[in-house]
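Okay, so here's the structure we're looking at.
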């Protein structure tokens with residue numbers, strides 16, 4: 238369940254819990270908004286959080302803005318989006334070669350359309366000229382007036398058009414970082430990020446791009462655009478592609494969109510023989526910028542090469558699988574240190590588990606595939622008063638380290654399609670889980686945790702007791718046998734000798750029993766001493782940790798005191 242909230246701080250969880258109470262009120266507000274053609278101003282605010290990507294942290298372009306709007310507004314948008322989608326589908330308005338944000342369409346349908354066309358031309362002995370265009374911040378640079386005029390041209394008029402205009406106008410955003418807020422800024426272009434309606438409005442905006450093309454075939458997935466032309470002569474392909482690039486540039490300029498010239502690429506796709514005997518290397522350019530020729534290109538998550546052999550794609554997948562296998566091997570060595578057993582429940586370290594199963598974005602995957610009750614942090618375990626024997630490892634564990642239950646583990650495994658996932662699942666089910674259920678952990682060879690040490694010590698002492706009892710029994714039986722043999726060999730032993738044997742046997746049994754009881758008590762004391770030593774070690778480590786924290790607090794206090802004195806002196810001067 239989503240935890241993010243807009244500036245109104247109304248979560249989806251709260252909406253769900255209060256659903257029966259607020260449904261009629263929300264319905265009245267939604268209908269009133271549609272009747273009047275006015276979108277509420279309070280729902281136009283967006284909370285933007287910059288997320289660092291890579292590179293220089295002082296440059297804004299190295300951050301990805303994550304926009305969060307009101308959850309109630311998103312519910313309203315979803316209802317409008319559903320009706321608008323029905324209208325567009327019934328009237329066949331969205332072009333067929335657009336696969337982004339549409340029902341029954343995906344990256345697979347987009348790639349299949351393109352590859353089937355290229356393979357068909359290759360079967361006919363032709364070559365394919367393919368251009369991969371990259372639009373720069375396409376969703377954020379849409380002109381509102383142009384979008385409204387296109388909506389009107391497609392038959393969206395009157396109150397609906399007025400409502401959409403109100404939806405786009407006077408939208409505002411505020412940037413939040415480390416509990417600091419920026420000034421409120423008005424958004425004057427683009428579709429709202431994080432909204433349900435924004436992607437559909439973008440499809441309408443870019444829908445007439447293919448109409449400007451004369452000879453090339455276009456394939457679109459949202460703003461990802463591929464232009465293709467098939468022919469026998471490379472010089473003919475060069476002419477046709479450059480001609481339609483001029484048309485595309487005119488359309489982009491008229492619609493106030495720009496290209497990322499550094500990311501635009503082109504490829505010549507054909508059979509090995511045709512590519513080897515290529516008569517001319519095409520020179521493709523747009524607005525004076527030369528487009529680089531590439532021999533492989535990642536498009537919609539798939540690596541395409543110039544012969545459609547899929548060898549490059551297989552290499553990429555093999556490399557990823559190889560990395561995951563290495564992670565799997567490492568996990569086999571270290572998973573014991575990141576596994577907990579608390580009151581009969583087994584917990585797995587979430588991040589290492591997700592990485593081993595081949596997931597990339599581990600945080601979102603753990604959140605999507607596991608429920609809240611399946612996740613718990615080490616800090617929460619400590620705070621619950623439960624003593625965790627794995628709180629300290631050779632590398633150490635952070636308090637915010639997230640663990641998942643056995644149910645969460647299976648959810649993550651079922652969500653992974655990598656071959657390593659099956660191998661990992663078999664290993665965990667056959668080796669790790671039985672070991673954890675039996676001993677409480679699955680550790681490295683030679684690594685013994687506190688509780689395991691106590692158990693081993695106790696088992697050793699119990700074995701000593703059993704050996705002692707067995708030795709006592711053997712001594713007793715051996716003495717009886719020896720005495721009985723002596724009696725049988727004596728000539729005049731008779732009853733007197735037998736009585737003496739019985740008395741001696743009783744005396745020996747009494748003495749040996751006392752010795753046995755004393756040794757047993759000594760063994761019990763040794764076990765208690767061993768347990769106390771382990772507890773002392775744990776307490777000493779805890780004291781060291783508390784001492785370090787105290788030193789840090791003292792240092793912080795000193796720094797704060799110096800800062801206060803400095804401020805006082807500056808104020809005095």
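Residue numbers (our numbering): 238 to 810.
Here a beta-carbon is modelled for each residue, glycine too, at the ideal position from N, C-alpha and C.
If the criterion is Cβ atoms closer than 7 Å, does the pair residue i and residue j meet it?
i, j, result
"residue 447", "residue 332", "yes"
"residue 587", "residue 518", "no"
"residue 471", "residue 543", "no"
"residue 307", "residue 366", "no"
"residue 462", "residue 325", "no"
"residue 314", "residue 444", "no"
"residue 337", "residue 459", "yes"
"residue 241", "residue 431", "no"
"residue 377", "residue 435", "no"
"residue 274", "residue 396", "yes"
"residue 276", "residue 403", "yes"
"residue 334", "residue 456", "yes"
"residue 354", "residue 507", "no"
"residue 649", "residue 590", "yes"
"residue 312", "residue 391", "no"
"residue 285", "residue 417", "no"
"residue 482", "residue 523", "yes"
"residue 599", "residue 645", "no"
"residue 442", "residue 379", "yes"
"residue 550", "residue 539", "yes"
Opposite residue i in the DSSP bridges: which residues?
i, result
"residue 504", "367"
"residue 412", "285"
"residue 536", "539"
"residue 586", "640"
"residue 303", "286"
"residue 523", "526"
"residue 454", "465"
"residue 424", "408"
"residue 417", "414"
"residue 325", "Bridge partners of residue 325: none, in fact."
"residue 398", "Answer by DSSP bridge pairing: none, since residue 398 is not bridged."
"residue 251", "According to DSSP, residue 251 bridges with nothing at all."
"residue 372", "496"
"residue 382", "Bridge partners of residue 382: none, in fact."
"residue 335", "457"
My assumption, with CB atoms under 8 Å, is that residue i sits in contact with residue j. Please give the rounded CB distance.
i, j, result
"residue 477", "residue 452", "5 Å"
"residue 300", "residue 288", "6 Å"
"residue 364", "residue 474", "7 Å"
"residue 556", "residue 526", "That belief does not hold up - the Cβ atoms of residue 556 and residue 526 are roughly 32 Å apart, past 8 Å."
"residue 322", "residue 437", "7 Å"
"residue 449", "residue 487", "7 Å"
"residue 465", "residue 351", "7 Å"
"residue 537", "residue 344", "4 Å"
"residue 603", "residue 639", "7 Å"
Beta carbon of residue i: closer than 6 Å to some heavy atom of the ligand SAH?
i, result
"residue 279", "Ligands in the displayed structure: none, and consequently the ligand SAH is not present."
* Inside the segment 457–514 only - alpha helix (DSSP H) runs reaching at least 4 residues -> Qualifying alpha helix (DSSP H) stretches, in chain order: 471–491 and 509–513.
* To do: Examine the Cβ distances between the segment 248–262 and the segment 379–389 and report whether three or more of them are shorter than 8 Å.
  => Three or more beta-carbon pairs separated by less than 8 Å are not found between the segment 248–262 and the segment 379–389, which leaves the two stretches without contact.
* Inter-stretch contact (C-beta, 8 Å, three-pair minimum) for the segment 389–408 and the segment 418–429 -> The segment 389–408, when compared against the segment 418–429, does touch it at the 8 Å Cβ threshold.
* With a cut-off of 8 Å, do at least 3 Cβ pairs link the segment 497–507 to the segment 526–537? -> A contact exists between the segment 497–507 and the segment 526–537.
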